[in-house]
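For reference, the structure is listed below as structure tokens.
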Amino acid sequence: ARRIDQDWVPLFNTGWSRDGAAIYYSRTVEPRSTDLLKVELSTAGDARSQPILITNLGRAIAFEMFADDRGVSYIGTHGHSNLSLISLKDSGSSVITPLTTGTAYDTNPALSPDGQRVAFTRWAGNEGNIHLLDLDAGSSRQITFLAGPICCPVWSPDGREIAFFSSTGGEPRIWKVGSDGGAPVPLSPVSMKEPFIQWAPGPKILVHSSYPAGITLLDPENGRERSLPASIELPWMHSPRVSPDGTRIA
726 ARRIDQDWVP LFNTGWSRDG AAIYYSRTVE PRSTDLLKVE LSTAGDARSQ PILITNLGRA
786 IAFEMFADDR GVSYIGTHGH SNLSLISLKD SGSSVITPLT TGTAYDTNPA LSPDGQRVAF
846 TRWAGNEGNI HLLDLDAGSS RQITFLAGPI CCPVWSPDGR EIAFFSSTGG EPRIWKVGSD
906 GGAPVPLSPV SMKEPFIQWA PGPKILVHSS YPAGITLLDP ENGRERSLPA SIELPWMHSP
966 RVSPDGTRIA
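Residues 726 to 975 in the working numbering are what the sequence shown lists, from first letter to last.
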């Protein structure tokens with residue numbers, strides 16, 4: 726493991742550039758203010774320079790950052806309860822496009838592999854369920870109907886399934902559901918302590934399975950688990966993300 730940032734403040738929401746040559750992440754600078762930073766990587770995976778401040782995100786409570794040919798964008802719960810798409814320009818300005826409206830609390834957005842849909846959690850009271858938003862049509866629909874808290878949806882590499890974290894039934898586990906809906910299926914055979922998971926681009930689901938830095942690979946086909954060797958250089962881990970080529974974890 727290599728450390729590429731020396732900050733001792735809370736860092737979250739890691740994301741890779743499309744070519745794997747840079748890592749983006751957020752840094753909480755005060756309770757209501759979040760910075761977005763970028764670290765460029767060498768071919769060996771070391772930081773080529775000090776972190777670069779891209780912009781201040783304001784009250785970006787939960788978001789997914791992505792970088793493609795159009796530049797850097799993020800989809801997030803921006804300040805209140807609805808999702809917005811924020812596109813960052815080279816000039817430092819940003820264009821904000823509202824994605825959801827209403828009084829429900831929408832959070833944990835996850836962009837589909839084809840970039841056409843967003844899975845997110847919509848909370849109503851103490852219950853949350855997974856909804857899908859079509860970015861072109863602007864419409865959303867609910868695809869899970871479970872009683873209990875749900876969070877952190879992630880997409881399979883082919884976009885056909887969505888995994889998520891839920892304590893429905895009393896045990897916090899990883900579940901999956903078809904992206905067109907259907908009956909959710911519990912995956913993890915044992916209780917999971919942390920809700921931070923990722924699926925694409927790899928065939929297995931990456932799970933932050935235990936505090937402080939336990940990582941487990943969960944096979945979505947049969948529920949089998951394999952723990953990755955713990956690193957003594959990582960006293961605590963949050964928001965793990967697999968690189969585009971599937972060889973590294975930020």
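The beta carbon of each residue, even a glycine, is placed where N, CA and C say it ideally should be.
Sequence-distant residues of its chain with Cβ nearer than 7 Å to residue i (five each side left out)
i      : result
Thr869 : Asn854, Ile855, Ile875, Val902, Pro909
Ile957 : Caution applies to Ile957, whose pLDDT of 49 falls short of 50 and renders its modelled position unreliable; the value that the coordinates give is listed next. Here the set comprises nothing.
Thr822 : Ser809, Leu810
Gly971 : Pro926, Gly927
Leu871 : Asn854, Ser891, Thr893, Pro909
Arg670 : The displayed coordinates of the chain run from 726 to 975. Any statement about residue 670 would go beyond what the structure contains.
Arg866 : His856, Leu857
Cβ neighbours of residue i in the same chain (closer than 8 Å, five flanking residues each side left out)
i      : result
Thr826 : Asn807
Asp883 : Pro838
Ser767 : Arg773
Ser913 : Arg898, Ile899, Val932, Leu943, Gly948, Glu950
Pro965 : Thr739, Phe921, Gln923, Leu931, His933, Ile940, Ile974, Ala975
Selection from the options that minimises the alpha carbon distance to residue i
i      : options                        : result
Trp848 : Ser758, Ser904, Tyr830, Ser837 : Tyr830
Ser864 : Leu824, Val764, Ala888, Tyr750 : Leu824
Glu852 : Thr941, Ile811, Gly894         : Gly894
Ala772 : Thr759, Leu778, Ala746, Ile779 : Ala746
Gly840 : Leu860, Thr832, Leu931         : Leu860
Val932 : Glu946, Leu953, Asn947         : Leu953
Ile800 : Asn738, Leu778, Ile777, Glu765 : Asn738
Leu778 : Glu789, Glu755, Ala769, Tyr749 : Tyr749
Asp744 : Ser751, Leu761, Glu765, Glu755 : Glu765
Thr828 : Gly873, Gly850, Ala975         : Gly850
Cys877 : Ala844, Ser904, Lys814, Ala862 : Ala844
Arg885 : Ser904, Gly873, Gln867         : Ser904
For residue i: DSSP bridge partner residues
i      : result
Glu950 : Leu943
Glu886 : Gly903
Asn854 : Arg847
Lys763 : Tyr749, Ile777
Ala758 : Just to set this straight, residue 758 is Ser in the shown sequence, not Ala. Its beta-bridge partners are Glu755.
Residues near residue i in its chain [Cβ-Cβ closer than 6 Å; skip 5 each side]
i      : result
Glu950 : Thr941, Leu943
Val820 : Ser812
Lys763 : Ala747, Tyr749, Ile777, Ile779
Val879 : Ala835, Ala888, Ile922, Gln923, Trp924
Leu672 : With the chain represented from 726 up to 975, any question about residue 672 goes unanswered, as that position is not in the structure.
For residue j and residue i, believed in contact at Cβ under 8 Å, the rounded distance
i      : j      : result
Val967 : Gly927 : 6 Å
Cβ-Cβ distance between residue i and residue j below 8 Å
i      : j      : result
Ser892 : Trp924 : no
Glu789 : Leu836 : yes
Pro911 : Ile930 : no
Test: residue i CB closer than 8 Å to a CB of chain C
i      : result
Val910 : In summary, chain C is missing from the structure at hand, where a single protein chain is found.
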